[in-house]
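In the numbering used here, the protein residues as written are -1 to 227. For every residue, glycine included, the Cβ atom is placed at its ideal position computed from N, Cα and C. Bear in mind that the values here come from a model prediction, so they are computed numbers and not experimental data. First comes the structure, then the notes that go with it.
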Amino acid sequence: MNPKLKDIKVVAFDIDGTLYPNMRLYPLIIPYVIRHIRFYIRFSRVRKILHRTAPLPDFYAYQGKLLSEQLGCTEKEAREQIDKIVYRGLSPYLEKTRPFSHVHDAFQTVREAGLRIALLSDFPPSQKGNVWGLLPFCELSLGTEEIGALKPSKYPFGILAMKLGVKASEILYVGNSIKYDVNGARNAGMKTALIAPRISIFLRKIFHKLPPADILFSNYRQFIKFVLQ
């Protein structure tokens, strides 16, 4: 194993943009989002607020309250629209989206190496069905919304570690966002891995602006090599 990761017991993954490329999803959902553009503009504003909000006892109630103020409707109506347009509405498109190549191999190799696997996503993992056949490899699958705080709050990362019964320093968190995944996990005391396009990594190296992740990779074959070899 990579010497940097000698104490790692768990590899935890973000889902959206990490297990599949966003550019495979966006063309599928553009017509759907345009049909609901008024909703999505306001929902995006609400999520920006929630990314900066402290842990909440009822995340869904507060999200509904914020959106009801944006849409000029009742909180009940706002929550129903979120469920219909976001949680259930996007699910068919996500199920059609193909994951990155070699993700399945990476999960299998990680498990065979004796490491545990978990998922931690800002949107419900259940929205992706069986997560393209990866759920059987996972010991734990959590959505930050059910925990009460979105990334980059270190709170959901701490809950993840607590539920797994390991120290935060014994988790490698894999994501595609520096702001939400890398910074959030680092602040919680975890090791981090960032998946990014090859050209992005190349340019960052040239301009000496590498992100503060322990591992940078552009495909899951590299991930296997960088983590386990």
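Quick one: is LEU208 buried, meaning 16 or more other Cβ sit within 10 Å of its Cβ, or exposed?
That one is exposed.
Return the bridge partner residues of ARG114 from the DSSP annotation.
The partner list for ARG114 (beta bridge, DSSP) reads VAL8.
What does the alpha-carbon distance come out to for the pair ASN185 and TYR24?
Rounded to the nearest angstrom, the gap between the Cα atoms of ASN185 and TYR24 is 30 Å.
What residue from ALA147, ASP14, LYS161, LEU64 has the CA that sits closest to SER89's CA?
Out of ALA147, ASP14, LYS161, LEU64, the CA that lies nearest to the CA of SER89 is found in ASP14.
Could you give the distance in angstroms between the alpha-carbon of SER124 and the alpha-carbon of TYR85?
Answer to the nearest angstrom: the Cα atoms are 9 Å apart.
Limits of the unbroken beta strand (DSSP E) element including SER139:
Segment 138 to 141, the beta strand (DSSP E) holding SER139.
Given a cut-off of 8 Å, decide if LEU132 and PHE105 are closer than it, judged by their beta-carbon atoms.
Contact flag set, yes.
Residue nearest to ASP56 in terms of C-alpha spacing, selected from ALA147, LEU226, TYR218:
Comparing alpha-carbon positions, the option among ALA147, LEU226, TYR218 lying closest to ASP56 turns out to be ALA147.
I'd like the list of long-range same chain contacts for GLY182, defined as Cβ closer than 7 Å, with 5 residues on each side in sequence excluded.
Excluding its 5 nearest sequence neighbours in each direction, GLY182 has C-beta neighbours in its own chain below 7 Å: LYS149, PRO150, SER151, LYS152, PHE155, listed in chain order.
If you follow the alpha helix (DSSP H) that VAL225 is part of, which residue opens it and which one closes it?
Start and end: 218 to 226.
Three or more C-beta pairs under 8 Å: does that hold for the segment 57 to 64 against the segment 166 to 183?
Because the criterion of three Cβ pairs below 8 Å is not met, the segment 57 to 64 and the segment 166 to 183 do not touch.
Following the continuous beta strand (DSSP E) through VAL172, name the residue where it begins and the one where it ends.
Under the DSSP assignment, VAL172 falls in the beta strand (DSSP E) whose first and last residues are 169 to 173.
CA-to-CA distance, PRO122 to ARG77, given in whole angstroms:
Spanning the alpha carbons of ARG77 and PRO122 requires a straight line of approximately 15 Å.
Sorted by chain position, which residues of the same chain lie with C-beta nearer than 7 Å to LEU26's C-beta, five sequence neighbours on each side aside?
The residues are TYR91, LYS94, THR95.
State the CB to CB distance for the pair PHE224 and ASN20, rounded to an integer number of angstroms; the pair is presumed to be in contact (CB under 8 Å).
The C-beta distance from PHE224 to ASN20 rounds to 22 Å, too long to meet the 8 Å contact threshold.
When the Cβ atoms of the segment 185 to 202 are set against those of the segment 157 to 173, are three or more pairs found closer than 8 Å?
Yes, the segment 185 to 202 touches the segment 157 to 173.
For the segment 3 to 12 and the segment 102 to 120, state whether three or more C-beta atom pairs, one from each stretch, are separated by less than 8 Å.
Yes, the segment 3 to 12 is in contact with the segment 102 to 120.
Check whether VAL101 and LEU214 have beta carbons under 8 Å apart
No. Outside cutoff.
Bridge partners - LEU214, DSSP secondary structure assignment:
Within the DSSP secondary-structure output, LEU214 pairs in a beta bridge with LEU192.
Does DSSP classify SER198 as helix, strand or coil?
Looking at SER198 - three-state DSSP - the assignment turns out to be helix.
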